[in-house]
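Novice: Numbered by my numbering, the letters in the sequence shown go through residues 561 to 987 in order.
For glycine and all other residues, C-beta sits at the position ideal for the given N, C-alpha and C.
Note that the coordinates shown come from a computational prediction; the quantities given were computed from them, not determined experimentally.
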Amino acid sequence: MFVDQVKVFIKAGNGGDGIVSFRHEKYVAYGGPFGGDGGKGGDVIFEADPGMTTLLDLRYHRRLIAQNGEKGKNKRMHGANGDNKIVKVPLGTIVKRADDGMIVADLTEPWQQQVVAKGGRGGRGNCHFKSARNTAPKYAESGKEGEEYDAVVELRTLADVGLVGFPSVGKSTFLEAVTRARPEIGDYPFTTITPNVGVVQTKDGRSFILADLPGLIEGASEGKGLGHQFLKHIERCRVIIHVLDMGGEEGRDPVQDYKIINDELKNYQLRLLERPQIVVANKMDLEHAEENLERFKEAYPDVPVYETTTIIHEGLDPVLRKAADLLMTTPAFPLETGQNHESGVVYKFEEKKKDVQITELEPHIWEVSGPKIDKSFDINKLNTEEDYYLFANKMRYMGIDRMLREAGVQDGDTVRINGFEFEFIEN
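#1: Answer yes or no: do V563 and G685 have a C-beta to C-beta separation smaller than 9 Å?
#2: Whole angstroms are fine: how far does the CA of A884 sit from the CA of V840?
#3: Return the CA-CA distance between K567 and V713, expressed in angstroms with no decimal places.
#4: Do you know how far the Cα of T733 is from the Cα of L786?
#5: Using a Cβ-Cβ cutoff of less than 8 Å, which residues in the same chain neighbour I637 once the five nearest sequence positions on both sides are dropped?
#6: Could you check whether the stretch 620 to 637 touches the stretch 720 to 738, counting it as contact only if at least three pairs of C-beta atoms, one from each stretch, sit closer than 8 Å?
#7: Check whether the stretch 686 to 699 touches the stretch 637 to 652, counting contact only when three or more Cβ pairs, one atom from each stretch, lie closer than 8 Å.
#8: Would you kindly report the start and end of the unbroken alpha helix (DSSP H) that includes T733?
#9: Go ahead and label Q837 buried or exposed: buried means 16 or more other beta carbons lie within 10 angstroms of its beta carbon, across all protein chains shown.
#10: Helix or strand or just coil, what does DSSP make of L618?
#11: CA-CA distance, A771 and M963?
#12: Using the Cα positions of G959 and E945, report the straight-line distance between them to the nearest angstrom.
#13: Is the Cβ-Cβ distance between D609 and G679 less than 9 Å?
#14: Spatial neighbours of F982 within its chain, please: C-beta separation below 6 Å, excluding the five flanking residues on both sides.
#15: With DSSP as the reference, label Y699 as helix, strand or coil.
#16: What are the boundary residues of the beta strand (DSSP E) that includes L715?
#17: Hey, would you say E867 sits closer than 9 Å to M888, going by beta carbons?
#18: What does the Cβ neighbour count give for T695, buried or exposed, with the cut at 16 atoms within 10 Å?
#19: Which stretch, first to last residue, makes up the beta strand (DSSP E) that contains K763?
#20: Can you say whether V928 is buried or exposed, counting buried as having 16 or more other CB atoms within 10 angstroms of its CB?
#21: Quick test of your reading: N978 and I933, contact by CB under 8 Å. State the CB separation rounded to the nearest angstrom.
#22: On a CA-only basis, which of M806, F569, E824, G591 is nearest H621? Give me that one, please.
#23: Report the option in Y949, P923, R583, G591 whose CA atom is closest to the CA atom of D971.
#24: Less than 6 Å between C-beta atoms, sequence neighbours within five positions excluded: which residues of the same chain meet that for T919?
#25: Should S702 be labelled buried (16 or more other beta-carbon atoms within 10 Å of its own) or exposed?
#26: With a floor of 4 residues, list each alpha helix (DSSP H) that falls wholly inside the stretch 593 to 668, ordered by position along the chain.
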């Protein structure tokens, strides 16, 4: 089964907590802080494996979670780092965030690795907080959370040259004739339903990768048929070979077919038309081929046409030489990230949520909220007087007390943080 798109959940490991520990030495109070640091959380890493051709494995393993770091140990020993989660994918795979479509990994080289989610840093043990004023600190730092998000993993065929055209125009026969690939060939539309790839060797010793992309239909750029799944595989190709059934065997007009396919390439993504095209007039052995070719040249006098009959391997070498020549002068095209091709999805601008927000719920009752508060506040970590002292210092360092005063909080007012209430006392 060919799978070229999967939605997954990615979660890097959390950092381990630092611990509170003291040396046990006779006649020495507390003996000095001796708590070690927590280990770093594991990263989620994608690796390009040349032996893979599909994302089928990810279809059955949609949660990619790295190992958490271990807690620190006594005697200032560091907790073990979490193991990285290495995910093997085929060459040509990209990883995009599901929320904003940003590409976080583009794997085009064999065994290339890319970190897509970084593990959290381990928390510091209490040995780091010793000072002249506090020689026996009874608090340690919590580990940071690892990155997590939903992602879309896509496979875009890694090829230099792509064959495009309507179904049954002879693309699969062309690929079989010039490479060792053996695609399915039949006398019915949509014989090819997945991309097939082969290596071309020209007579003058040059080589390139050729992809037979599934046949397009009118409206493919709007999602008709399997349009989006087909068109995205062209994005990596630097040269396009546009195959036309010049004999009109399926009852279509090759002049009209040429316009329709180019319109679909233009509507899907403007830069697809920037790629040089080689127009191939195939099936020239059929009855009306010469007549249709004359009509095509009249309609498009500036477009060079290469005449072929792929079933008997006739006229193929000039096409391959031209493709090799164009590859020498055509740079790679960067993947576009600013467009969305999923039908029915509309993006709208939303203001980024503030890290810290002060809200007056009712007279003399205030609420502090925001992503920064959610990460910093954990009531389960407030067990001792020193924990509260450390928390108060952290809030002051973040500027929460200043923000409360600026918002109008007065001495004695109630402040809520994640469902817990505190009394605001003006020093």
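Specialist: According to the structure data:
#1: In the sequence shown, counting from the first residue as 1, residue 563 sits at position 3. In the sequence shown, counting from the first residue as 1, residue 685 sits at position 125. V563 places its beta carbon 9 Å or farther from that of G685.
#2: Indexing the sequence shown from 1 puts residue 840 at position 280. Indexing the sequence shown from 1 puts residue 884 at position 324. Looking at the two C-alpha atoms, the distance is approximately 15 Å.
#3: Translated into positions along the sequence shown, residue 567 becomes position 7. Translated into positions along the sequence shown, residue 713 becomes position 153. Rounded to whole angstroms, K567 to V713 spans 6 Å at the Cα level.
#4: Position 226 of the sequence shown, counted from the first residue, corresponds to residue 786. Position 173 of the sequence shown, counted from the first residue, corresponds to residue 733. With a pLDDT of only 45 at L786, under the threshold of 50, the placement of this residue in the model should not be trusted, and no figure is reported.
#5: Along the sequence shown, one-based indexing puts residue 637 at 77. Reading off the sequence shown, one finds Met at residue 637, where the question assumed Ile. G596.
#6: Result no; under three Cβ-Cβ pairs closer than 8 Å.
#7: No, the stretch 686 to 699 does not touch the stretch 637 to 652.
#8: Along the sequence shown, one-based indexing puts residue 733 at 173. Note, T733: alpha helix (DSSP H), 731 to 738.
#9: Against the sequence shown, residue 837 aligns to sequence position 277. Q837 should be labelled buried.
#10: Numbered from 1 along the sequence shown, position 58 holds the residue referred to as residue 618. Taken through DSSP and simplified to helix, strand or coil, L618 comes out as helix.
#11: The residue you call residue 771 lines up with position 211 of the sequence shown. The residue you call residue 963 lines up with position 403 of the sequence shown. So the two alpha carbons sit approximately 60 Å from each other.
#12: Taking the sequence shown and counting its residues from 1, one reaches residue 959 at position 399. Taking the sequence shown and counting its residues from 1, one reaches residue 945 at position 385. Whole-angstrom Cα-Cα distance: 21 Å.
#13: By one-based count along the sequence shown, residue 609 stands at place 49. By one-based count along the sequence shown, residue 679 stands at place 119. Contact: no.
#14: Position 422 of the sequence shown, counted from the start, is the residue given in the question as residue 982. Only V975 meet the Cβ criterion.
#15: By 1-based counting over the sequence shown, the position of residue 699 is 139. Assignment of Y699 by DSSP, reduced to helix, strand and coil, places it in the coil class.
#16: Mapped onto the sequence shown, residue 715 falls at position 155. Where L715 is concerned, the enclosing beta strand (DSSP E) stretches over 708 to 715.
#17: To locate residue 867, count along the sequence shown from 1; it is residue 307. To locate residue 888, count along the sequence shown from 1; it is residue 328. In this structure, the beta-carbon distance from E867 to M888 does not fall below 9 Å.
#18: The residue given as residue 695 occupies position 135 in the sequence shown. The residue in question, T695, is exposed, as its Cβ has fewer than 16 Cβ neighbours within 10 Å.
#19: Your numbering for residue 763 matches position 203 in the sequence shown. Looking at the DSSP string, K763 is not in any beta strand (DSSP E), and its letter there is neither H nor E.
#20: Counted from its first residue, the sequence shown places residue 928 at position 368. The C-beta of V928 has 16 or more other C-beta atoms within 10 Å across all chains shown, which makes the residue buried.
#21: By one-based count along the sequence shown, residue 978 stands at place 418. By one-based count along the sequence shown, residue 933 stands at place 373. Yes, N978 and I933 are in contact; Cβ-Cβ is about 7 Å, under 8 Å.
#22: On the sequence shown, position 61 is the one that residue 621 refers to. The closest CA to that of H621, considering only M806, F569, E824, G591, is found on F569.
#23: On the sequence shown, residue 971 is found 411 positions in, with the first residue counted as 1. When only C-alpha atoms are compared, the closest one is P923.
#24: On the sequence shown, residue 919 is found 359 positions in, with the first residue counted as 1. Result list for T919: E927, in chain order.
#25: On the sequence shown, residue 702 is found 142 positions in, with the first residue counted as 1. So S702 ends up on the buried side.
#26: Fully contained in the stretch 593 to 668 are the following alpha helix (DSSP H) runs of length 4 or more, in chain order: 616 to 619.
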